[in-house]
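The structure appears right after this line, and notes come after that.
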Amino acid sequence: MPLTLWLAVGGHPCPSIARVKRSLLFFSLLPPSALPLHRRRCYRATCSSQIKLSLPRGLEQLPSDGPVQSLEPAYTSTSSERSTHQRSEEQWDPDREISASVVGPDPAAAAVTPPPSQNQESAPQRLRPSRKQQHRRRLSQPVRVLEAIRLSRLIYALGKKGKPDLAHVSARRFKVLDRYQYRRRRPAARRVASQNEPLSLHSILARYIETCDSAPLGEAEYAFTPEEQALLQSKGYQPKDVEVWAASVTNTNPRLAAAVFRSGTSSPPMFIVLLFLRRRTSTMAVYGLRELIRHLETRFQSRIMSWTTLKIVVIRLLRHARVKWPEAVPKIAALFTSQATKICEARASSDASRIPQVLLSDLTHFCNTFLSLLAIPAALRPVLQSSRQQKAQFEVLNFMAQQDPPIIVTRTGFRGVAVNQLAHPKTSQEREWARLKGPGWPPWKENRNALDEDKDHEFGQSRASSILRRMHEAGYEGEHWVNMVQMYAGWDVDLSPSIQTRVALPPSAFSPQSGTRPESSLWASRVRATRTRREAWACFLAYEASGLTPSHEVYEAMFEKHVYEEHSKPKVDSRNHNLEDSRADRSLLPGDKKEVWPDPPGPLNLVYLREPVPSIEQLYRRMTSKNVKPAGTLLTLLMKKTTDFSMAIDILHSVKDKGGGGIDALLNASLAEDSPARQLSDQLLVAFIHFLCRFGQYTRAPLLKPIIVSPEDHRERLRDDRFYLVEYARRLLLTLAPLYRPTWTVYMEKLLRSDLSDVVPSTGERVMLQQRILSRLLSKMQEINLEPDDKQFQLICSAKSFAARAAYQGHLSNTEATLILSTSPRQLRTLFHDLVAAPDNPHQDTPPEQHHSIPPHIPDPATLHAYVRALGMLRDHEGLYSFVQWARTYHVQVTARAKLQHGGPAAMRRTLVAIRAALDGALERGQEPAASDLRELVRADVEAVLEWGGWPRDGEVDVYTKRNSWM
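The numbers in my numbering rise by one with no breaks, and the one at position 812 of the sequence shown is 810.
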């Protein structure tokens, strides 16, 4: 007989409980007055027992029609409970427990307590919180440590409000309804540190930090209790280890905080590793990640990590590496697969040697999620970093195939692999198919000879299309997301051809909970997968004719076709020594880069347009007329490319309410501590800096300190004074101190690449002025623990090259020249050391030829060339020798990085030519060559790498010096 549970609930029933149905347990939600009637309908005499049900999480906020009441007094048993029934609605506490009557199958054993009399009084009793409630109100152990750190909000990512910490909440059980309930639930009581909290390493560290921070400097010494000393000793630690942990978790510099992971020190507990990975990604240093990965590699060899901890570690590592160190992504995947293999072997049953079903289910979910996370584009050069992401995905797929039973690839895994394949360059077969596409639209295949007759639809399938077909064969039905990927892969929904486009899709493109409309994403991909502006505009007009709601995604795709220049075929010049760049450009096909192709010759191949292609201003007016406002990357794109100042001002005023009014605060120069400008997103802030630097001009000499004016003068000068725009950009950087590097890069480019000869005629004054402003910017970045990235390092090297040239040509005073020539070489070497995450002691580093080596960060060839040229202009020949040794040690990675981009091998060759020119003293007139023995050492290192093409020839050096390229 089924069991019925009646809940007496005032107001409307809660829909989340009303949907719960079981075959043996039925839930009925009734008002309190109707409960006795329903009992009499079921049984004349009932068996009543009293149970307690705590209000479910997420259901504390019930409708206001009436309070949650207990059952009728006739079905209660204790006086304390009877007093509880008489509380009014105003006194109702949603945290109290509600009663429920369970109707059993035996009606003969009824035991009903008579209702209390009206005169009966009972003393009110305070309900003691249950043990579960006490546990919920207690701070978690990691949060307990973070609460003890005064600067925790500046160092660590504490999570967004309303977002659960997936380190403690199962992602598989956290469904859509759970998300809704989590956001709407009543805020729980503030969690506080309990005096009776269990003793642990977390509590010892938290109490140590609180004691040391509250005591005056040098006056108090922390005294460990006997219980704490016993616990530390049982874990194999000493009291001095706690001091090291505290210094690590409270240090704002990630390089110094990573000292706890260096070899030679005692291995810290695992929660120190998790806290280090919880630091803000914007302030994380590549050096710190390198030390941590080396520590984890050693740690994994001696012990097996728990499965839950392993998942948290690899996800947090991947989040940092994606932004700071994409080269480490394959290494992170290798760490995961090696440790997961040990976990599976340890948990396999002894008789069948197979993975338990519970672990297999969790492995299937996480491995496919990990494949999807590996496909998220990197922050720096996302298209080029896709090859490393592919290597990491293959590592995970190989692990999944080797298990017994093999781990299946779900829809999530297929999505991640397919999205990653879109960012790769075309294979030889895909290039052959692209050349067969005709000039008309759609670009149907046109045979060039009889051999092309057999090249059908199967021949034109790209790698991404093949993965989607495997996904369909696995039983996953098609959807809008599949159509969007197929569009970028070269095929429209109706199987007409499109242009295979190399693109790095954002996470929202393959996230079901992204909130984007699938139809808009499909039309945006249809606009991007074109060759010319006419073809893109024809697709855009078809989108408007479809009657869909206007979306900024489609407008963003159309703006991209407008702002990027047309691709032009390079002119072949036999006198140009750099013919490899011309060959690389000629090999490019439509879809290989963002530039649009010119219209095909002849009117027969032009696509029909019912409206002419508009200008950027006309397209923007068209967008605003449809009540679509630019946001995110579209806003940044417009600020970077628009040439109309009034249009840029209109755009900023149209989005001034975004970011909680942050744009409006920037327009009014409201930069106080509580200003919304300090909470502005990175994309909005960099868009505003782009606006200031694009339309700002150095009409007079830059000032060492930025201009600060009243709000009234600010609004007037922002509209009329172009010099004030660039000064205001520097003021924003120094005041807001953003942790997003592109905001600093925009102003650095404006400062170092602007022609100041009209406003500062003296070369020496111009160089020293730029050096002083740049030095202040770097000091501010160092103050907030923000290390320069590749682009910023390249700009710094170019500035040092100009300064060295001015010093040797006599444009600087003796003091200024001595300062530049004595400090710049060491500064550049230190910056390069930090940029590539070189080990402090290279002799202790693992050789890169080994499989488990930790890869360095490899800058692009243009950055390497700027570094070499700066060292050559500064005549730091020992620095050049040190660089060549580093490049030879990691020549595999350096050569592979150069091959990732078009013209990369030619740029790498130009770097080698610059090395010889610097050693020969050919960069500048009157420059002395390096010592002969040093030149021979460098030449031997260069010739040892066959991929570099040997020592540069005399003709290459002559052409290089004549061009006098400053990069």
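Ideal Cβ placement from N, Cα and C applies to all residues, glycine included. What you are looking at is a predicted structure, and each value in this text was computed from that prediction instead of being measured.
Around the beta carbon of R770, a 10 Å sphere encloses fewer than 16 other beta carbons of the protein chains shown; the residue is thus reported as exposed. Straight across, the Cα-Cα distance linking P704 with R739 is about 20 angstroms. Nearest to Q388 by C-alpha distance, out of V327, R500, Q695, H478, is V327.
In terms of CA proximity to L731, R676 leads the group R676, V758, R526. Within the same chain, W439, V605 come within 7 angstroms of E533 by CB-CB distance, once the 5 residues on both sides are set aside. A Cβ-Cβ distance of about 7 angstroms is found for the pair K592 and E558, placing them in contact under the 8 angstroms criterion. Burial check for W442: the Cβ neighbour count within 10 Å stays below 16, so the residue is exposed. Secondary structure at R277: strand, using DSSP grouped into helix, strand and coil. The continuous alpha helix (DSSP H) containing L682 extends over residues 680 to 693. When rounded, the separation of the alpha-carbon atoms in L665 and F686 is 9 angstroms. By the neighbour-count criterion, in which 16 or more other beta carbons inside 10 Å mark a residue as buried, S246 falls on the buried side. Taking 8 angstroms as the cut-off, the Cβ atoms of N366 and V311 do not count as close.
Taking the C-beta atoms as reference points, R620 is found nearer than 8 angstroms to P612. About 7 angstroms separates the CB atoms of L378 and P324; that is less than 8 angstroms, so the two are in contact. CA-to-CA, the gap between G630 and G657 works out to about 11 angstroms.
Annotation for M556: the continuous alpha helix (DSSP H) segment containing it runs 550 to 561. Counting C-beta pairs with one atom in each stretch, the segment 926 to 933 and the segment 888 to 900 have fewer than three that are closer than 8 angstroms, which means they do not touch. Within the same chain, Y696, A699, P700, R764, L767, Q768 come within 8 angstroms of L754 by CB-CB distance, once the 5 residues on both sides are set aside. In the same chain as T761, and ignoring 5 residues on each side of it, the C-beta atoms closer than 6 angstroms to its own belong to A804, H809, in chain order. In the three-state reduction of the DSSP assignment, V594 falls in the strand class, which pools E and B. Here W439 carries a coil assignment [DSSP, helix/strand/coil].
Judged by their CB atoms, V955 and A920 are nearer to each other than the 8 angstroms cut-off. In the displayed model, E564 falls within a strand according to three-state DSSP. Between the segment 906 to 918 and the segment 787 to 805 there are fewer than three C-beta pairs closer than 8 angstroms, too few to call the two in contact. Taking C-beta separations shorter than 7 angstroms and ignoring five residues to either side along the sequence, the partners of A727 in its chain run I687, L690, C691, G694, Y745, following chain order. When C-alpha distances from P140 are compared across N783, A256, V653, R277, the shortest belongs to R277. Beyond the five residues adjoining it in sequence on each side, V757 comes within less than 8 angstroms, by CB distance, of Y696, T697, R698, A699 in the same chain, given in chain order. By the Cβ-count criterion, D952 is exposed, with fewer than 16 other Cβ atoms from all chains shown falling within 10 Å of its own Cβ.
For the set A797, L737, E747, T821, the Cα lying nearest the Cα of I782 is the one of L737.
Taking 8 angstroms as the upper bound for CB-CB distance, A896 and A905 are in contact here, some 7 angstroms apart. Taking 8 angstroms as the cut-off, the Cβ atoms of L833 and L793 do not count as close. Under a 10 Å Cβ-count criterion, P596 is classified as exposed, with fewer than 16 other Cβ atoms of the shown protein chains found around its own Cβ. When secondary structure is reduced to three states using DSSP, P237 falls in the helix class.
The segment 541 to 551 makes contact with the segment 521 to 530: 3 or more CB pairs, one atom from each, lie closer than 8 angstroms. W305 carries a helical assignment under DSSP once its states are collapsed to helix, strand and coil. Considered as a whole, the segment 324 to 375 harbours 327 to 345, 355 to 372 as its complete alpha helix (DSSP H) runs of no fewer than 4 residues, in chain order.
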